């Protein structure tokens, strides 16, 4: 028999899943958007928090989450799900019963949903809710990545929270009235204004062997229809091997080779040597093929990184978005730069669209450069969004291999 009172248990479950706004922050409760419906309309249920990840409110909610998870661990935590087949709406069997029980433990599924062995819309909504808390595509289907996340031991989740509450404390002060946060392990960008999230964007960030750096800077400028000068590291690691296999690659992608005396034809370069590293490689403007897309967002830093659009929009629908050489690709980049430029005279959304359509290379200086923080947070909570976890993709938490990242390249169940 649990020694929790019903009220205490409900409070813990609400905090775990984000079903309700925390009583600790009533001022933010009206900002919560929890679309909760246990019927066929629940297929698109997601938790949308307007509370910034880097805020005093998130820091406090994360402290509360640590207490909640410790208490849950003392009561036995959750069991390992033994499922060998892909489960989705219509599936039946003991695996569905076990999944229901697992979702109920963390409040992703209401206990009133029962113990049926049928994967119905109740279970689908609960799986979506869980997926939204661990950064997976909210398909409502029990994929291999979802199963791996469900089976992360509670002890690891507690250690994640304990590690990250220290990081959150560091960033819980005044970061500015308007600022940008890129959370690398979440592959996510938030714009924040007056204490609330204005926009949120999926992102593509650095690969494990080409990590996006942690930094604090300001965004002073947006470049429209930019050229791309290929970094030396990419010439060496990517372009030279590519040209050995595909001699027309540079021509097809409109990348020019520039030497001391002008442009050099690709067939004049010895691709079996390091000759190419002595030249500049520059890609023509063009959002449909240029690696920076239609927009580059400049940020001063010693790392030579920046934020940008991409012609490969499909990556934003992937669960694994650690795909770049260190720069950050931003989804819905027009919304993002419209927010960056909103206080800069002459740069409304119509002007932005006009300049992009023109193909003209134009730089827009931001009137008041916007603070920008690239951070590394793998676990946090918000009063209106529940407890969030992400893979420790760069192993900065020191907890061992990341469960979802370890699945890359494997076939789904």
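In mature numbering (1 follows the signal peptide of the UniProt record, and there is no 0), the protein residues as written are -29 to -1, 1 to 384.
Using N, Cα and C, we set each Cβ at its ideal position, and we do this for glycine too.
No experiment lies behind these values; they were computed from the predicted model shown.
- Excluding its 5 nearest sequence neighbours in each direction, residue 221 has C-beta neighbours in its own chain below 8 Å: 210, 214, 227, 228, 237 and 252, listed in chain order.
- Within 10 angstroms of the beta-carbon of residue 38 lie fewer than 16 other beta-carbons, which makes it exposed.
- Annotation: the continuous beta strand (DSSP E) that includes residue 189 extends over 186 to 195.
- Residue pairing from DSSP places residue 345 in a beta bridge opposite 153 and 186.
- Here the alpha carbons of residue 44 and residue 377 stand approximately 25 Å from one another.
- Residue 331 is classed as exposed because its beta carbon has fewer than 16 other beta carbons within 10 Å across all chains shown.
- Between the C-alpha atoms of residue 223 and residue 89 there is a straight-line separation of about 52 Å.
- By the Cβ neighbour-count rule, residue 279 is buried, with 16 or more other Cβ atoms within 10 Å of its own.
- With 16 or more other CB atoms across the displayed protein chains lying within 10 angstroms of its CB, residue 102 is buried.
- Shown here, residue 214 sits in a helix according to DSSP, grouped into three states.
- For residue 175, the three-state secondary structure derived from DSSP is strand.
- Contiguous alpha helix (DSSP H) elements confined to the region 285 to 365 occur at 304 to 311 and 320 to 329, taking only those with 4 or more residues.
- Exposure of residue 218 is indicated by the presence of fewer than 16 other C-beta atoms within 10 angstroms of its C-beta.
- Annotated three-state conformation of residue 158 is coil, per DSSP.
- A Cβ-Cβ distance of about 6 Å is found for the pair residue 52 and residue 121, placing them in contact under the 8 Å criterion.
- Bounds of the alpha helix (DSSP H) holding residue 34 are 27 to 45.
- With 16 or more other Cβ atoms inside 10 Å of its own Cβ, residue 29 counts as buried.
- With respect to residue 186, residue 343 sits close: the two C-beta atoms are nearer than 9 Å.
- Assignment of beta-bridge partners to residue 235 by DSSP yields 228.
- Shortest Cα-Cα distance from residue 291 to any of 361, 48, 82 and 152 involves 361.
- Across the set 158, 318 and 151, the C-alpha of 158 shows the shortest separation from the C-alpha of residue 105.
- Annotated three-state conformation of residue 53 is coil, per DSSP.
- Contact between residue 177 and residue 296 holds: CB atoms are separated by about 7 Å, below the 8 Å threshold.
- Residue 26 holds the alpha-carbon nearest to the alpha-carbon of residue 148 among 305, 370, 26 and 335.
- Residue 101 sits in a helix when the DSSP states are folded into three classes.
- Following the DSSP letters along the chain, one finds residue 268 inside the beta strand (DSSP E) bounded by residues 266 to 269.
- With contacts defined as CB atoms closer than 9 Å, residue 370 and residue 130 qualify as a contacting pair.
- Just measuring C-alpha positions, the residue of 244, 320, 118 and 294 sitting nearest residue 180 is 294.
- Straight-line measurement puts the Cα of residue 168 at about 8 Å from the Cα of residue 20.
- For residue 199, same chain residues with a beta-carbon under 6 Å away, outside a window of 5 residues either side, are 254, 261, 262 and 263 in chain order.
- Taking C-alpha positions only, residue 375 is separated from residue 258 by approximately 32 Å.
- Ranked by Cα distance from residue 249, the options 201, 269, 275 and 271 are led by 201.
- Of all alpha-carbon atoms in 42, 242, 351 and 266, the one lying nearest the alpha-carbon of residue 216 is that of 242.
- Counting along the chain, residue 253 sits inside no alpha helix (DSSP H); it lies in the beta strand (DSSP E) bounded by residues 251 to 254.
- A direct Cα-Cα distance of roughly 44 Å separates residue 134 from residue 322.
- Classified as buried, residue 31 has 16 or more neighbouring CB atoms from the shown chains inside 10 Å of its CB.
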